[in-house]
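The block underneath contains the structure these notes are about, expressed in structure tokens.
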């Protein structure tokens, strides 16, 4: 009799333990599942964002990258030249033109950098590592900084015409060889704006 009761008690105890283990397993699964859902509900923590990084863009080619990398320092020099005008020239037409050039090209530089970043490329440098059409040498820039008045105006216009011509050439190369629609739109904008400014500056040199 004692033996039978002991067996029944042990059997009951085993059933209780099994139920307890099953209950813990169920709770653990619910907790883990809940944690996953909670992470998914957090801003910027969707399952896709936690499992993989954003895909790098592929809608560009080498010509697009080269254009952006070279046009960035090209624009940087034009902006530098534009900043020299107010303190060295009395020509209000030239001052207005320089302000227009700076206002147009500085934001374009930001766009160049943003596009390169979206292509997975390093940030562009304002230092010109390769020869570019229309870029002034350091000696030319020094001479421009040291000039003033009518001499400065003449030198600046001649240099900026050459600088713009280089930008138009680079932009036309992008239009013929590039593939990215955003980069080509920027190149077309540069061609349109700077060709018009070249005509304006040529007229100013003759007045």
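In the UniProt record's numbering, the protein residues as written are 1 to 207.
No residue lacks a Cβ here, since even glycine has one placed at the ideal position from N, Cα and C.
No experiment lies behind these values; they were computed from the predicted model shown.
With distances taken between CB atoms, is the gap from residue 165 to residue 190 smaller than 8 Å? no
Assess, as a yes-or-no matter, whether the stretch 142-153 is touched by the stretch 162-179 under the definition of 3 or more beta carbon pairs within less than 8 Å. no
Please check the pair residue 149 and residue 90, which I expect to be a contact at CB under 8 Å, by giving their CB distance rounded to whole angstroms. 7 Å
Only counting the same chain, and skipping five residues up and downstream in sequence, which positions put a Cβ closer than 8 Å to that of residue 120? Here the set comprises 56, 57.
Residue 155: which of 81, 128, 117 sits nearest, CA to CA? 81
Pairwise C-alpha distance: residue 207 and residue 108: 31 Å
DSSP three-state call for residue 90: helix, strand or coil? coil
Residue 120 by DSSP, collapsed to three states: which one? coil
Could you have a look at residue 54 and say whether DSSP puts it in helix, strand or coil? The pLDDT assigned to residue 54 is 49, lower than 50, so where the model puts this residue is not dependable; a value taken from the coordinates is nonetheless given after this. The answer is coil: DSSP assigns residue 54 none of H, G, I, E or B.
Nearest to residue 163 by CA position, among 118, 74, 179, is which residue? 74
If residue 79 sits next to residue 113, beta carbons under 8 Å apart, how far is it from one beta carbon to the other, in whole angstroms? The Cβ separation is near 14 Å, so there is no contact.
Excluding the 5 residues flanking residue 133 on each side, which residues of the same chain have their C-beta closer than 6 Å to its C-beta? 166, 169
So the alpha helix (DSSP H) residue 172 belongs to, where does it begin and stop? 149-177
With a threshold of 16 other CB atoms inside 10 Å of the CB of residue 96, please say whether the residue is buried or exposed. exposed
Nearest-angstrom Cβ-Cβ length linking residue 179 and residue 60, presumed shorter than 8 Å: About 6 Å; that satisfies the 8 Å criterion.
Can you look up residue 186 in the DSSP assignment and give me helix, strand or coil? helix
Minimum C-alpha distance to residue 115 - residue among 161, 184, 86, 160: 184
Since residue 70 and residue 130 are thought to touch, with beta carbons under 8 Å apart, how far apart are those beta carbons, to the nearest angstrom? 7 Å
Anyone know if the C-beta pair for residue 84 and residue 204 falls short of 8 Å? No, Cβ-Cβ distance for residue 84 and residue 204 is not below 8 Å.
Who are the Cβ neighbours of residue 182 in its own chain at under 7 Å, not counting the five residues just before and after it? Excluding positions up to five away in sequence, the list reads 115.
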